[in-house]
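Just so we're aligned, residue 123 is where the sequence shown starts under our numbering, counting upward by one.
Think of the CB as a built atom: it goes at the ideal place given N, C-alpha and C, for glycine as much as any other residue.
If you're wondering where the values come from, they're calculated on a predicted model, not measured in any experiment.
Scroll down for the structure; my scribbles are underneath it.
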Amino acid sequence: MKPVEEISDIIELQTWASGRPTAASAIVESLEVALDEEDRPRVEQTAQNVLDEFRDRQKLLESAYPFTTDGSKLELAHPNPASTTYLFCLALSLLPASDIQNEQRALQFESVVMNAARSFFGGHALRIGAPWASAHIPDYAALLDKVIELIPNLGQKLKTTAPDGGDAGWDVLIVKNFRDNKFPRFVALGNCATGRTDWKRKGMETQPALFWSYFQGDHRSTFITFFAVPFAMDENARLRKLAPYCLTLDRFRICEHAPTTPFPETAAWLEGERDHALGIPLN
Numbered sequence: 123m124k125p126v127e128e129i130s131d132i133i134e135l136q137t138w139a140s141g142r143p144t145a146a147s148a149i150v151e152s153l154e155v156a157l158d159e160e161d162r163p164r165v166e167q168t169a170q171n172v173l174d175e176f177r178d179r180q181k182l183l184e185s186a187y188p189f190t191t192d193g194s195k196l197e198l199a200h201p202n203p204a205s206t207t208y209l210f211c212l213a214l215s216l217l218p219a220s221d222i223q224n225e226q227r228a229l230q231f232e233s234v235v236m237n238a239a240r241s242f243f244g245g246h247a248l249r250i251g252a253p254w255a256s257a258h259i260p261d262y263a264a265l266l267d268k269v270i271e272l273i274p275n276l277g278q279k280l281k282t283t284a285p286d287g288g289d290a291g292w293d294v295l296i297v298k299n300f301r302d303n304k305f306p307r308f309v310a311l312g313n314c315a316t317g318r319t320d321w322k323r324k325g326m327e328t329q330p331a332l333f334w335s336y337f338q339g340d341h342r343s344t345f346i347t348f349f350a351v352p353f354a355m356d357e358n359a360r361l362r363k364l365a366p367y368c369l370t371l372d373r374f375r376i377c378e379h380a381p382t383t384p385f386p387e388t389a390a391w392l393e394g395e396r397d398h399a400l401g402i403p404l405n
């Protein structure tokens with residue numbers, strides 16, 4: 123049997139996809155069909171644990187949680203749930219990998235994480251992960267110039283192209299300056315991972331030194347890293363990434379600080395995935 127937390131995720135996504143409330147009796151019926159014979163005696167208790175999980179999430183996230191529960195059912199509580207970060211993260215966590223394109227994994231999720239990190243840390247934020255090109259950033263040299271604007275003592279660029287046209291191993295930059303714009307300042311580099319199976323090798327697969335090697339000077343700052351995923355991290359997952367200067371952002375922490383997504387395209391993608399969401403098995 124899947125963990126209660128994952129079963130709760132699936133029922134949340136399918137409650138949105140169906141457009142109907144999910145009652146306790148419906149949860150029991152779905153579990154009776156889905157669970158193996160050895161797990162069926164625990165159906166009633168599992169259903170109650172799922173309802174308790176919904177209640178805990180509602181209490182934790184308040185208005186950032188797009189559902190509401192009275193302890194006996196789950197229903198939508200947001201006028202435009204497909205625009206919420208919570209639903210986007212659920213879809214990234216649960217939908218088949220073939221349904222999730224690089225636009226969702228990189229541009230959209232990294233932008234949500236950037237907004238959450240900026241809300242938490244303050245300061246200025248810049249998405250530095252590939253694909254980074256935009257109307258304002260035509261090439262990698264222009265992106266590096268943006269970094270130097272935020273951290274002037276980095277000096278001149280030493281390189282103007284990213285490895286293999288990608289990036290220097292990091293996805294988000296946060297810089298919080300004082301009004302004097304002098305060092306030391308606060309700097310954070312962030313990495314994002316969306317895969318349920320490959321996230322364990324993400325985070326510090328590239329050391330920050332590679333990114334800083336693109337500049338002549340040193341950042342001379344108070345520096346940390348952070349690691350973001352769209353699913354909920356349990357204690358073991360947090361311990362796996364725990365380090366004195368590394369912060370983890372899971373779905374709940376991201377939603378707390380960035381409750382909605384910045385792209386209309388995210389909602390459009392979600393709307394096209396309703397049928398696939400309804401087909402996700404509980405077992």
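CB of residue i within 8 Å of CB of residue j, strictly
i	j	result
A219	L371	no
F337	G277	yes
R189	S130	Residue 189 is actually Phe in this sequence, not Arg. Result no, Cβ atoms of F189 and S130 do not sit closer than 8 Å.
C368	L183	no
A389	S205	yes
N405	A156	yes
K279	A263	yes
W292	F231	no
T137	L198	yes
F348	A310	yes
L135	L216	yes
V234	A399	no
Assigned secondary structure, residue i (DSSP; H/G/I helix, E/B strand, else coil)
i	result
K124	coil
G312	strand
L295	strand
A365	strand
T328	coil
T137	helix
Cα-Cα separation between residue i and residue j, rounded to whole angstroms
i	j	result
R373	P352	5 Å
A146	P330	48 Å
D221	K304	46 Å
A186	R162	34 Å
N202	T382	10 Å
D158	S152	12 Å
Start and end residues, alpha helix (DSSP H) containing residue i
i	result
T282	Taken as a continuous stretch (DSSP letters only), T282 belongs to no alpha helix (DSSP H), as it is neither H nor E.
F374	R373 to H379
A390	P386 to E393
H341	Per DSSP, H341 belongs to no alpha helix (DSSP H) and is neither H nor E.
Span of the beta strand (DSSP E), counted from its first residue to its last, around residue i
i	result
A350	T344 to A350
Inset, instruction - Note down, one range per segment and in chain order, each beta strand (DSSP E) of at least 3 residues found wholly within the region 238-277. - result: Runs found: 246-249.
Inset, instruction - Write down every uninterrupted run of the alpha helix (DSSP H) in the region 145-209 whose length is 4 residues or greater and which is fully enclosed by it, in chain order. - result: DSSP runs (the alpha helix (DSSP H)) wholly in the region 145-209: 146-156 and 165-183.
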